[in-house]
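J.: Attaching a single structure in structure tokens format; questions to follow.
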């Protein structure tokens, strides 16, 4: 006998309708919540961002291309950054702003109107309710002459997954930024002043994105790290951050500061069509303001390689960024005393050498003139020059060898000379006043040197970057060891931003290692490789010998181009 099939009751139908209505309301609420999170009201106007998803499935909000200062164009070229004007309507903050002017970008991708900031916020509830997230303020590298903050090369994915906000910025570059006449007319360092101005913007606005203005960590790589080091020394940046990370760069690098900026400025003006043959810096400034970007860039290409655009010493003024030698400020403790992480890669210089022939030719070029080998922050004369050269050779070479005959020794010398000695000196001086965590990144995973030289490690300048930033799709990696190293270094960096300590507690991820602060006489540092290990005395005998050289011949004081 068949059972009688029950027809749906009116109550069941009503129940189904109610469920559908509730689901629709939930979806509508979610959409509205998301829309509300993407629309942020700032004192200068509203911005609408976009939603992004990391490879692990975590969502975050991105607000890109927000102006933090007036466009430095026309009469504002070579002037201090100024507060941006309010805008009407809703600003589309879903795309990058144009890069600042450099020799590396196409004309369509760059502009003098380039002072933009990007904010990336983890999706953890309602945006305006999360007002206490730590902020990591990224300063890109590129020799102060190129690069930008675009998302393709500065992806925040790995960092925002750790519930921190990442901020990145554009700042003026090259001859439109670091050109200086060594006086109050064109004092230089405009890129650094842009960066500090952006930090003030973060202090005043980051709460609107759920960030804590009192928990800002500045970090940068190469020239970005030099910039971070300069902010540590500048009164203009005081109180704008509470911690700093310097990756492969330090303001103590002797190449970081241009000793004779005035001669560079006038040489550039002379290369512009029609030339400039006066000595008045006010007239020079007006002359440069009147010229096209193309004229200035083309003139830059005609300068000798010995002339460049770096940091400069400025005369004392309320607007000055750097007025004293970095060494004087560090040794005296007259700097912004916050905890720092500072480090290098194992073979920094191999990045610039490219291949075996290039390495040999670079070694030969350096050996062709003693002045190429001896750092410019050492005093030299007819007596000291041979003595310094001999001491340098004794550090790296055996009897009868040259750098071109011993390329292993040359790469190590060149890495020390370009980056590693300066970072060590910065760490040593700063550690007398603040907690300093030193590291060396030695892992060869996503990027490194392939030069076939015995005894040379493959981790070079920039080898660490794809483990911290989602750089051109590095989030697509599936190698187990690569992913472990990425997880370790990102956690170290974000722990530092959260707790001012990269290893605030023991954890299995770090094999229960506690990263000790840098101190004499052990000089502990963290070796970041396929595994983590706390080691001591980075550089060993070579660094001790360099300290002796600098103790005897070091040049610490220089100001306004006068040695």
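In my numbering, the protein residues as written are 1 to 563. Ideal Cβ positions, reconstructed from N, Cα and C, are used throughout, including at glycine.
1. Please list the terminal residues of the continuous alpha helix (DSSP H) segment that includes residue 263.
2. Locate the alpha helix (DSSP H) running through residue 65, then write down its first and last residues.
3. Going by DSSP, name the residue or residues bridged to residue 533.
4. Out of curiosity, what's the CA-to-CA distance linking residue 375 and residue 412?
5. Just confirm the distance between the C-beta atoms of residue 41 and residue 118, as a whole number of angstroms; I'd bet it's less than 8 Å.
6. From the DSSP output, in three-state form, read off residue 561 for me.
7. Please determine, among 347, 309, 492, 500, the residue with the shortest C-alpha to C-alpha distance to residue 507.
8. Figure out for me which residue from 173, 365, 330, 487 has the closest Cα to the Cα of residue 432.
9. On the CB-based measure, 16 or more other CB atoms within 10 Å of its CB, does residue 301 come out buried or exposed?
10. Looking only at its chain, what residues have a beta carbon closer than 7 Å to the beta carbon of residue 512, apart from the 5 residues adjacent to it on each side?
11. If we count the other Cβ atoms within 10 Å of its Cβ and call it buried at 16 or more, is residue 51 buried or exposed?
12. If I measure Cβ to Cβ from residue 84 and keep anything under 7 Å in the same chain, skipping five residues before and after, which residues do I get?
13. Under 8 Å by Cβ, that's how I've got residue 470 and residue 158 pegged, so tell me the actual separation to the nearest angstrom.
14. Based on the DSSP secondary-structure assignment, which residues constitute the bridge partners of residue 447?
15. Could you pull out every unbroken alpha helix (DSSP H) segment of at least 4 residues lying fully inside the region 212-243, listed in chain order?
16. With a threshold of 7 Å on Cβ separation, who are the neighbours of residue 100 within its own chain once the five nearest residues in sequence on each side are excluded?
17. Could you give the C-beta distance for residue 456 and residue 380, rounded to a whole number, given that I count them as a contact under 8 Å?
18. When the Cα of residue 53 is compared with those of 46, 61, 47, which residue comes out closest?
19. Can you list, in chain order, the residues of its chain with a C-beta nearer than 8 Å to that of residue 454? Leave out the 5 residues immediately preceding and following it.
20. Near residue 395, which residues of its chain fall below 6 Å by C-beta distance, leaving aside the five closest residues on each side in sequence?
21. Check whether the region 246-266 and the region 384-392 are in contact - that is, three or more C-beta pairs closer than 8 Å.
22. Nearest-angstrom Cα distance between residue 555 and residue 326?
23. If you count every other CB in all the chains shown that lies within 10 Å of the CB of residue 283, and 16 or more means buried, which is it?
24. What distance in whole Å lies between the Cβ atoms of residue 112 and residue 73, which are believed to be in contact at a cut-off of 8 Å?
25. Once DSSP output is grouped into helix, strand and coil, what is the label at residue 419?
26. With residue 490 as the anchor, note down where its beta strand (DSSP E) starts and where it stops.
27. Beta-carbon separation of residue 250 and residue 225 under 8 Å?
28. Can you find at least 3 beta carbon pairs, one from the region 461-469 and one from the region 340-353, that sit closer than 8 Å?
29. Specify, as a first and last residue, the run of the alpha helix (DSSP H) that residue 199 falls within.
30. How long is the line joining the alpha carbons of residue 202 and residue 208, rounded to whole angstroms?
31. Between the C-alpha atoms of residue 360 and residue 410, what's the straight-line distance to the nearest angstrom?
32. Expressed to the nearest angstrom, what Euclidean distance is found between the alpha-carbon atoms of residue 190 and residue 322?
33. Mind checking who residue 345 pairs with in its DSSP beta bridge?
34. For residue 32, count the other beta carbons within 10 Å of its own beta carbon; 16 or more makes it buried, fewer makes it exposed. Which is it?
35. What does the alpha-carbon distance come out to for the pair residue 87 and residue 97?
36. Rounded to the nearest angstrom, what separates residue 304 and residue 310 at their Cα positions?
T.: By the coordinates alone:
1. Along the chain shown, read from residue 1 onward, the residue named residue 263 stands at position 263. Segment 261-271, the alpha helix (DSSP H) holding residue 263.
2. Residue mapping note: residue 65 aligns to position 65 of the chain shown, counting from 1. It is not in any alpha helix (DSSP H) - residue 65 instead sits in the beta strand (DSSP E) that spans 59-67.
3. Position 533 of the chain shown holds residue 533. Residue pairing of residue 533 in beta bridges, as defined by DSSP: 527.
4. The residue given as residue 375 occupies position 375 in the chain shown. The residue given as residue 412 occupies position 412 in the chain shown. The alpha-carbon atoms of residue 375 and residue 412 are separated by roughly 15 Å.
5. The residue labelled residue 41 in the question sits at position 41 within the chain shown. The residue labelled residue 118 in the question sits at position 118 within the chain shown. Contact doesn't hold; Cβ gap of about 18 Å is too wide.
6. If you number the chain shown from 1, residue 561 lands on position 561. Below a pLDDT of 50, predicted positions are generally treated as unreliable, and residue 561, at 35, falls in that range; no measurement from the model is reported.
7. The sequence position of residue 507 within the chain shown is 507, counting from 1. Ranked by how close their Cα comes to the Cα of residue 507, the residues 347, 309, 492, 500 have 492 in first place.
8. Taking the chain shown and counting its residues from 1, the one referred to as residue 432 is at position 432. Measuring from the Cα of residue 432, the nearest candidate turns out to be 330.
9. Taking the chain shown and counting its residues from 1, one reaches residue 301 at position 301. Looking at its Cβ environment, which holds fewer than 16 other Cβ atoms inside 10 Å, residue 301 is exposed.
10. Residue numbering aside, residue 512 sits at position 512 when the chain shown is read from its first letter. These residues qualify, in order along the chain: 506.
11. Within the chain shown, the letter at position 51 stands for residue 51. Its Cβ having fewer than 16 others within 10 Å, residue 51 is exposed.
12. By 1-based counting over the chain shown, the position of residue 84 is 84. Taken in chain order, the residues that qualify are 44, 67, 68, 69, 70.
13. As a first step, residue 470 is located in the chain shown; it is residue number 470 there, counting from the start. As a first step, residue 158 is located in the chain shown; it is residue number 158 there, counting from the start. That belief holds up - the Cβ atoms of residue 470 and residue 158 are roughly 6 Å apart, short of 8 Å.
14. Stepping through the chain shown from its first residue, residue 447 is reached at position 447. DSSP lists no partner for residue 447.
15. 223-233
16. Here the question's residue 100 lines up with position 100 in the chain shown. Same-chain partners within the cutoff: 110, 114, 148, 170, 171, 172, 173.
17. What you label residue 456 is simply residue 456 of the chain shown in a count that begins at 1. What you label residue 380 is simply residue 380 of the chain shown in a count that begins at 1. No, residue 456 and residue 380 are not in contact; Cβ-Cβ is about 29 Å, not under 8 Å.
18. As a first step, residue 53 must be located in the chain shown, where it is residue number 53. Here the closest residue by C-alpha is 61.
19. Numbered from 1 along the chain shown, position 454 holds the residue referred to as residue 454. Answer for residue 454: 408, listed in chain order.
20. By one-based count along the chain shown, residue 395 stands at place 395. Same-chain partners within the cutoff: 542, 545.
21. no
22. Against the chain shown, residue 555 aligns to sequence position 555. Against the chain shown, residue 326 aligns to sequence position 326. Cα to Cα, the separation comes out at about 11 Å.
23. Indexing the chain shown from 1 puts residue 283 at position 283. By the neighbour-count rule (16 or more Cβ atoms within 10 Å), residue 283 is not buried but exposed.
24. For the purposes of this step, residue 73 is taken as residue 73 along the chain shown, with counting starting at 1. For the purposes of this step, residue 112 is taken as residue 112 along the chain shown, with counting starting at 1. Their Cβ separation, rounded to whole angstroms, is 5 Å, which keeps residue 73 and residue 112 in contact under 8 Å.
25. Start at 1 with the first residue of the chain shown, and residue 419 comes out as number 419. For residue 419, the secondary structure class from DSSP, reduced to helix, strand or coil, is helix.
26. Taking the chain shown and counting its residues from 1, the one referred to as residue 490 is at position 490. Note, residue 490: premise wrong, no beta strand (DSSP E); alpha helix (DSSP H) at 480-499.
27. Position 250 of the chain shown holds residue 250. Position 225 of the chain shown holds residue 225. For residue 250 and residue 225, yes; Cβs fall inside 8 Å.
28. yes
29. Mapped onto the chain shown, residue 199 falls at position 199. Here the alpha helix (DSSP H) through residue 199 covers 190-205.
30. Within the chain shown, numbered from 1, the residue matching residue 202 stands at position 202. Within the chain shown, numbered from 1, the residue matching residue 208 stands at position 208. Cα to Cα, residue 202 sits roughly 10 Å from residue 208.
31. The count along the chain shown starts at 1 and reaches residue 360 at position 360. The count along the chain shown starts at 1 and reaches residue 410 at position 410. So the two alpha carbons sit approximately 9 Å from each other.
32. As a working note, residue 190 is residue 190 in the chain shown. As a working note, residue 322 is residue 322 in the chain shown. Residue 190 and residue 322 have their C-alpha atoms roughly 11 Å apart.
33. On the chain shown, residue 345 is found 345 positions in, with the first residue counted as 1. Looking at the DSSP assignment, residue 345 forms a beta bridge with 441.
34. Translated into the one-based positions of the chain shown, residue 32 becomes position 32. Bear in mind that the predicted position of residue 32 carries a pLDDT of just 40, short of 50, making it unreliable; the figure below should be weighed with that in mind. Residue 32 is exposed by the Cβ-count criterion.
35. By 1-based counting over the chain shown, the position of residue 87 is 87. By 1-based counting over the chain shown, the position of residue 97 is 97. Residue 87 and residue 97: Cα-Cα distance of roughly 16 Å.
36. Stepping through the chain shown from its first residue, residue 304 is reached at position 304. Stepping through the chain shown from its first residue, residue 310 is reached at position 310. Those two C-alpha atoms are separated by around 15 Å.
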